[in-house]
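A short write-up of the structure that comes next.
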Amino acid sequence: MTEYDYDELGLVAGLEIHQQLDTATKLFCQCPTELREPEESTRRFTRYLHPTRSELGEIDDAALEESKVDREFEYLAYDSTCLVEEDDEPPHELDREALETTLEVAQLMEMNPVDQAHVMRKLVVDGSNTSGFQRSTLIATGGEIETSAGAVGIEDLLLEEESAQRVEETDDGVRYSLDRLGIPLVEIGTSPDISSPEQALEAAERIGMLLRSTGKVKRGLGTIRQDVNVSIAEGARVEIKGVQSLDDIDDIVRNEVARQVELVEIRDELAAREASVGAIQNASDVFEDTDSGVIGGALSSGGSVMAVLLEGFDGLVGREIAPDRRLGTEFSDHAKRHGAGGIFHTDELPAYGVTDEEVAALREAVGADPEDAVAIVADDTATAESAIEAVAERARTALEGVPEETRGANDDGTTRYLRPLPGAARMYPETDVPPVEPDPSEVPEPELLTEKVERYQDEFDLGEGLAEQVAYGRRMPLFEDVTAAGIDPTLAASTLESTLTELRRDDVPVENLEREHLEAVLEMADDGDLPNEGVGDLLAALAEEPDRTAEEAAEAEGLGGADESEVREAIVEVVERNEDQVEEEGMQAFSGLMGECMGALRGKADGDLVSRLLREEIQQRA
Numbered sequence: 001m002t003e004y005d006y007d008e009l010g011l012v013a014g015l016e017i018h019q020q021l022d023t024a025t026k027l028f029c030q031c032p033t034e035l036r037e038p039e040e041s042t043r044r045f046t047r048y049l050h051p052t053r054s055e056l057g058e059i060d061d062a063a064l065e066e067s068k069v070d071r072e073f074e075y076l077a078y079d080s081t082c083l084v085e086e087d088d089e090p091p092h093e094l095d096r097e098a099l100e101t102t103l104e105v106a107q108l109m110e111m112n113p114v115d116q117a118h119v120m121r122k123l124v125v126d127g128s129n130t131s132g133f134q135r136s137t138l139i140a141t142g143g144e145i146e147t148s149a150g151a152v153g154i155e156d157l158l159l160e161e162e163s164a165q166r167v168e169e170t171d172d173g174v175r176y177s178l179d180r181l182g183i184p185l186v187e188i189g190t191s192p193d194i195s196s197p198e199q200a201l202e203a204a205e206r207i208g209m210l211l212r213s214t215g216k217v218k219r220g221l222g223t224i225r226q227d228v229n230v231s232i233a234e235g236a237r238v239e240i241k242g243v244q245s246l247d248d249i250d251d252i253v254r255n256e257v258a259r260q261v262e263l264v265e266i267r268d269e270l271a272a273r274e275a276s277v278g279a280i281q282n283a284s285d286v287f288e289d290t291d292s293g294v295i296g297g298a299l300s301s302g303g304s305v306m307a308v309l310l311e312g313f314d315g316l317v318g319r320e321i322a323p324d325r326r327l328g329t330e331f332s333d334h335a336k337r338h339g340a341g342g343i344f345h346t347d348e349l350p351a352y353g354v355t356d357e358e359v360a361a362l363r364e365a366v367g368a369d370p371e372d373a374v375a376i377v378a379d380d381t382a383t384a385e386s387a388i389e390a391v392a393e394r395a396r397t398a399l400e401g402v403p404e405e406t407r408g409a410n411d412d413g414t415t416r417y418l419r420p421l422p423g424a425a426r427m428y429p430e431t432d433v434p435p436v437e438p439d440p441s442e443v444p445e446p447e448l449l450t451e452k453v454e455r456y457q458d459e460f461d462l463g464e465g466l467a468e469q470v471a472y473g474r475r476m477p478l479f480e481d482v483t484a485a486g487i488d489p490t491l492a493a494s495t496l497e498s499t500l501t502e503l504r505r506d507d508v509p510v511e512n513l514e515r516e517h518l519e520a521v522l523e524m525a526d527d528g529d530l531p532n533e534g535v536g537d538l539l540a541a542l543a544e545e546p547d548r549t550a551e552e553a554a555e556a557e558g559l560g561g562a563d564e565s566e567v568r569e570a571i572v573e574v575v576e577r578n579e580d581q582v583e584e585e586g587m588q589a590f591s592g593l594m595g596e597c598m599g600a601l602r603g604k605a606d607g608d609l610v611s612r613l614l615r616e617e618i619q620q621r622a
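Residue numbering for the sequence shown is 1 to 622, as defined by UniProt numbering.
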């Protein structure tokens, strides 16, 4: 990848971090915040959504474009789904636990809470909200975080409801699951102070650490999402949505800078060629006898091939602007938004069953000169006409350079077109929820994870590595709770990090283990009812059959603590079985026999007790 001087290009970037909060209930109802499997749904219903005008009579451009795609939205509901989630009952008051956690986040970023927080409606008609809008509340403004390249301002902190989870495309539209809808979500927006990909990644990591320091955020894939706003001096602001992994942020910024640089160079080349976008024409006659499956299929179904003349675009439609993405890919993204499968263009033809003769005939039909390009869409007539209009419009913006727009992050670090940038017309007040007055004095400031690492080392005598694993791990809140209740910190730390990691590597389904399982096993071990060596075996048994209690599983697996006489009896059997080795090697036989003894006892006895008794038996016989 080309290395750029980001200062010279005038790179400006900002972040929007969206993090789910780990609250007991959702933001505007009392439903649980647990995710469900689609197969668990108990009923389904459908909706059609349409954009509404703001209080000033305006319609948001992004919502208007979204509404042009005629789709039915189907929702999966569960036994835990309520009327609020279905938009058949007004929302309840703002969840107090979510508000308090948001105020903790505000303190960590030195932000100023608002005097009164008003819930707003943000117009969303892609089906991800049954109501057609997302509820969002500004909680605090004016903070900052530190990075090695300087401070990054935090402009705003909002408390929002999470959208419904997209399950799959259907023949008529999109299917969503309502389990995620309404989970409290904080949105953190930075100032455009970021000037390099590396600083973008560092800022995101810093914000992520601050969020996890509360101990009240959800962990795992999909619980945190990053949006990145990127522009260069000659480009335009582009919002990139849905960056799933922090590690991808720097690559996303690099690729977007490269894309904008390429689009600016294409603009300049088009200007030098005095390029323009010609008329849209029906080119179906050119392909009457085509061998192209896509085009032939569209025509045989009564569809059309619509073409647009791109004057002066020859060689530029196929120009790469990002890894494996070309200007033609941008055109295709817009066509797909209008229901088409994609486009063909003359920079890539002949191909896909289209012959040289058909390309020549197409050029002649639309009046294309050698320096021109032609793009076509083959589909049902209405879709083809709508899609080719979108392609022509995107080609016109190529004459101007980089369009302002919202793009989606791809897994490979590139992006795709989603919709125009949203405007102020998408926001208006929520009249069903009363305002609240945030009081930060009622919320203690959380301890940073970096501070926790130091405390765990000093207070609990944990090694630095284990202390970091616990502090930054997803079970840090549980560690805090069990140690506060008197559980031995070393036992708790090694169990929650080392033991569970080992079980996971052995393909034990540790995801089945609930907080209650872990607490009960730790209590048994700490009380002496379960040897430390039996903790892993008991957790494995509970993971396989999570409906059992820890006591029931321990009894069934024979993992209860054995008294000293039982332990000695088992050791004597091992020693007698290896009597010749003991007589020959004496105490040197200890290491080999220790493992055999522990295996014979299968987690019923503490290692220190086994070691002491085994040494006694060997000494007596050596």
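Glycine residues also receive a C-beta, built at the ideal position from the N, C-alpha and C atoms.
Neighbour-count burial assignment, residue i, 16 or more Cβ in a 10 Å radius
i	result
residue 143	buried
residue 48	exposed
residue 651	Any answer about residue 651 is impossible in this case: the structure gives the chain only from 1 up to 622.
residue 83	exposed
residue 118	exposed
residue 10	exposed
residue 115	exposed
residue 226	buried
residue 370	exposed
residue 45	exposed
residue 297	exposed
residue 288	exposed
residue 532	buried
residue 430	buried
residue 352	exposed
Nonlocal neighbours in the same chain, by C-beta distance under 7 Å from residue i, ignoring five residues either side
i	result
residue 497	466, 469, 470, 473
residue 134	122, 124, 160, 161, 163
residue 321	259, 262, 263, 327
residue 253	13, 197, 200, 228, 230
Whole-angstrom distance between residue j and residue i, CA atom to CA atom
i	j	result
residue 12	residue 520	51 Å
residue 384	residue 331	13 Å
residue 334	residue 165	24 Å
residue 88	residue 236	41 Å
residue 568	residue 536	23 Å
residue 442	residue 111	15 Å
residue 401	residue 233	12 Å
residue 604	residue 530	7 Å
residue 615	residue 586	10 Å
residue 152	residue 309	46 Å
residue 617	residue 214	52 Å
residue 146	residue 190	12 Å
residue 19	residue 180	13 Å
residue 613	residue 477	38 Å
residue 395	residue 375	10 Å
residue 34	residue 525	29 Å
residue 544	residue 224	29 Å
residue 393	residue 218	42 Å
residue 518	residue 550	9 Å
residue 299	residue 337	21 Å
residue 239	residue 405	6 Å
residue 148	residue 413	24 Å
residue 504	residue 418	38 Å
residue 386	residue 342	12 Å
residue 407	residue 422	12 Å
Sequence-distant residues of its chain with Cβ nearer than 6 Å to residue i (five each side left out)
i	result
residue 500	510
residue 307	281, 283, 366, 374, 376
Residues of its chain near residue i, where Cβ-Cβ distance is below 8 Å and the 5 sequence neighbours each way are ignored
i	result
residue 596	574, 578
residue 250	197, 198, 200, 201
residue 85	26, 29, 31, 77, 130, 178, 181, 182
* Asked: Should the segment 489 to 497 be regarded as contacting the segment 454 to 461, the criterion being three or more beta carbon pairs within less than 8 Å?
  -> yes
* **Inside the segment 514 to 585 only - alpha helix (DSSP H) runs reaching at least 4 residues** => 515 to 527, 535 to 544, 550 to 557, 564 to 577, 579 to 585
* Any contact of the segment 264 to 273 with the segment 236 to 254, i.e. 3+ C-beta pairs under 8 Å? -> no
* Asked: Which ranges does the alpha helix (DSSP H) cover as unbroken runs of at least 4 residues, wholly within the segment 199 to 281, from first to last along the chain?
  -> The segment 199 to 281 contains these whole alpha helix (DSSP H) runs: 249 to 272.
* To do: Report yes or no: do three or more beta-carbon pairs, one from the segment 303 to 317 and one from the segment 347 to 364, lie closer than 8 Å?
  => yes
* Asked: Does the segment 34 to 44 come within contact of the segment 193 to 207, defined as at least 3 CB pairs closer than 8 Å?
  -> no
* To do: Would you check if the segment 170 to 186 and the segment 72 to 83 touch, i.e. whether three or more CB-CB distances between them fall below 8 Å?
  => yes
* To do: Let me know the alpha helix (DSSP H) ranges lying completely inside the segment 74 to 160, each 4 residues or longer, listed in chain order.
  => 96 to 108
* Any alpha helix (DSSP H) of 4 or more consecutive residues that is wholly inside the segment 427 to 511 -> 449 to 460, 464 to 472, 476 to 484, 489 to 493, 500 to 505
* Could you give the uninterrupted runs of the beta strand (DSSP E) lying entirely in the segment 317 to 393, keeping only those of 3 residues or more? -> 320 to 322, 373 to 379
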